[in-house]
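Reading through the structure tokens given below for one structure.
Residue numbers (the numbering used here), protein chains in the order written: chain H, 1 to 420; chain D, 1001 to 1420.
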């Protein structure tokens, strides 16, 4: 069949969902164009490791086109999708160029959201991309430099106070690792400050941490965090964030660094699909993951609101993988003249790490905690980490960090300040 | 002796010269303050490896305060020195705070310079810092993305043409590795472009490449480069650099990326020492490396013009190390009531790599080239690379790049473009 007669599948987003959709279509007689505004796939579950200087950004990323290099029916475009014309079956890219599609899979994910307080973003960066991770790493490491340079004791304490908002997996992971870094990796390097005096506060609006887990594991995670030196404040609301302080309820805490791990807002492309999105901007989908009224358009991953019993499928990597694959299988079914099947989420369980050697795991029939859960976490994440080299290199860097308590990548990058 | 009575040695710059000065004073009864505007020491000889995506920035850097953590008489300040009052023995920092010194060692190095054509900098970044390396890496990798997206054949060729100005070690290293990356690492990943069609042009104003080497080795290096696919143009002058072209003599070459490896300008702090600097901004020094008229002030490394026969000591890492050490020994001599000795440069020879497995080495009594020289180069650089972990990790990444032809760190970072 001539190239231009093969159906054109456009995939927006090279995260877990988009990538797994492309791979599922590997042998299909289609042309695939995967569009992402960055050149790399990010292994999101390890972003917090890059944000806390344990691994280099390059270790948890891989070029999307490298991952698809052997798939001859796929091409990758580094471009930003600006809008979607579902009636005209066309995606408008950032330079005004159009991509016509026969099938469209929208997998552009979510960004962190500030509950309508966008002005907080400047003082409280979130963690979704490699650029976010670098921003957090730079701020975290620079805080100790500022504290060392500082003459005023109150000011110094503010630099050594870190507030993390949101006690989901990302917030817990960030909070759990920070006091350990301050006490072990950084402590001996400073003269004027006592890095062990670092204060890490984890703020959560709900009444417990890691609410996706059973209460017993939540309680264990909280205890683990407190043993590591984290102040956990559940049922507490952040009411203001300024450059030099954060307000929790009525209390003003002098603090120079706030990191945001609460709330997501789906990519704005979801609003261009002609259906009403939910409060978090997610697109409601049919059982086959297609967008209501447009069976040729699919929404998958963090962008989609996929029903799972009376809840929604959680925004985790395995769920995104499964959805991407399912959307691709819907296209395969169409091409073969078969009926599409409804999506069924296979819950593989939940894993979250706390600090350097504790974790909690919930597989429904099995609950694990402590060091065993941590090794399980390590194993699963290395197993899934994309690309052989990265796997080996990251393992080595973790081993280094684990046995020496040192952080390998304590690099503050900056816009070069020129002299004169 | 009370802390405040011990002589205060201020060192500006945490490169090879500054760091070796600090270390030489390890057991001295002095207080040392090392000031650097970044938090990390950069292993400069491998910067080009970071610029070409072979290693992560974190692999060739180490926090300065980590390197000095066990030296109790030293503290490290992340700050920028704005000016020096040699009469008042005082350094003014970027926030208006003053550092009074008894001894001052200025080791702030050099930046690349554009022969008075500063407007070229925007289109032709140089390679001195980690930020520079990231800029070059981003531009180099993004060029292939642009070419892949491009409809126009002439425009595509301009994206795939890379011009490197200056055939010193940095220019030769960059030029030698780029065609290999394009042919081997990237070639299979693109659909619309033939990455093997990449054109790399190395421009040198003098009549041969690597002029610090004997003519026979220069000739060999040129041949090696040409075999790798580099167009070497010696005795050629760049007359203009614009966004979409470069002019070499009268010829206009459409080209989207120019990298600058020609010409240095010493740090502007050299001009604050009260002596006339040379054309490249370097400070002339006494035989003991002190600044004329101020025996308590030393200028070392790329900032200093140190006589070596009828030439100057070259701006290489071993020379910077030796100078830093010598300045520190001058202070030690003062403290012990001994006379200072004149500096004598010990030339350990020159090593430069060309592409992935060739190099040239000149030890005066011995000249080596080809693969043997390359292994020598590898050995020497790993040996000297600061910090055990980095050594191992970098070795592994090189091995990976060497045996697979792949680049491990193909990451384009960018200022996050928000949607909507």
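Note that beta-carbon positions come from the ideal geometry of N, C-alpha and C, so glycine has one too.
This structure is a prediction, so every number in the text was calculated from the model and none was measured.
Using beta carbons (cut-off 7 Å, strictly below), is residue i in contact with chain D?
i	result
residue 412 (chain H)	yes
residue 66 (chain H)	yes
residue 194 (chain H)	no
residue 56 (chain H)	yes
residue 61 (chain H)	yes
residue 176 (chain H)	no
residue 138 (chain H)	no
residue 235 (chain H)	no
residue 123 (chain H)	no
residue 104 (chain H)	no
residue 294 (chain H)	no
residue 77 (chain H)	yes
residue 350 (chain H)	no
residue 69 (chain H)	yes
residue 149 (chain H)	yes
Using the beta-carbon count (16 or more within 10 Å), is residue i buried or exposed?
i	result
residue 1222 (chain D)	buried
residue 410 (chain H)	buried
residue 1115 (chain D)	exposed
residue 329 (chain H)	buried
residue 1031 (chain D)	buried
residue 327 (chain H)	buried
residue 225 (chain H)	buried
residue 1067 (chain D)	buried
Give a yes or no on whether the minimum CB-CB distance between residue i and chain B is below 7 Å.
i	result
residue 366 (chain H)	Any reference to chain B falls outside this structure, whose protein chains are H and D.
Excluding the five sequence neighbours on either side, which residues of its own chain have a C-beta within less than 6 Å of the C-beta of residue i, listed in chain order?
i	result
residue 46 (chain H)	60
residue 29 (chain H)	6
residue 16 (chain H)	317, 320 and 321
residue 340 (chain H)	288, 330 and 333
Return the chain-ordered list of same chain residues with a C-beta closer than 7 Å to the C-beta of residue i, the five sequence neighbours on each side being excluded.
i	result
residue 57 (chain H)	50, 130, 133 and 134
residue 128 (chain H)	111 and 112
residue 1286 (chain D)	1292
residue 420 (chain H)	Only weak support exists for where residue 420 (chain H) lies, its pLDDT of 31 falling under 50; the coordinates are left without a value.
Return helix, strand or coil for residue i, following the three-state DSSP convention.
i	result
residue 1274 (chain D)	coil
residue 1370 (chain D)	strand
residue 1381 (chain D)	helix
residue 308 (chain H)	strand
residue 1218 (chain D)	helix
residue 1231 (chain D)	strand
residue 1326 (chain D)	helix
residue 1376 (chain D)	helix
residue 256 (chain H)	coil
residue 357 (chain H)	coil
residue 19 (chain H)	helix
residue 1279 (chain D)	coil
residue 169 (chain H)	helix
residue 1332 (chain D)	helix
residue 180 (chain H)	helix
residue 264 (chain H)	strand
residue 1186 (chain D)	helix
residue 1126 (chain D)	strand
Using a Cβ cut-off of 7 Å (strictly closer), state whether residue i contacts chain H.
i	result
residue 1276 (chain D)	no
residue 1031 (chain D)	no
residue 1131 (chain D)	yes
residue 1153 (chain D)	no
residue 1145 (chain D)	yes
residue 1302 (chain D)	no
residue 1188 (chain D)	yes
residue 1039 (chain D)	yes
Assuming residue i and residue j form a contact by the criterion Cβ under 8 Å, report the distance between their Cβ atoms to the nearest whole angstrom.
i	j	result
residue 1011 (chain D)	residue 1039 (chain D)	Rounded, the Cβ-Cβ distance is 15 Å, inconsistent with contact.
residue 230 (chain H)	residue 246 (chain H)	About 15 Å separates the two Cβ atoms, so there is no contact after all.
residue 1054 (chain D)	residue 1164 (chain D)	About 17 Å separates the two Cβ atoms, so there is no contact after all.
residue 78 (chain H)	residue 36 (chain H)	7 Å
residue 25 (chain H)	residue 41 (chain H)	Residue 25 (chain H) to residue 41 (chain H), Cβ: 17 Å. No contact.
residue 1301 (chain D)	residue 1107 (chain D)	5 Å
Grab me the residues of residue i's own chain with a C-beta within less than 8 Å of its C-beta, minus the 5 sequence neighbours each way, in chain order.
i	result
residue 413 (chain H)	134 and 138
residue 1271 (chain D)	1277 and 1281
residue 187 (chain H)	194, 195 and 196
residue 216 (chain H)	367
I want to check one thing, is the minimum distance from the CB of residue i to the heavy atoms of the ligand GTP below 6 Å?
i	result
residue 73 (chain H)	This structure does not include the ligand GTP; it has no bound ligands of any sort.
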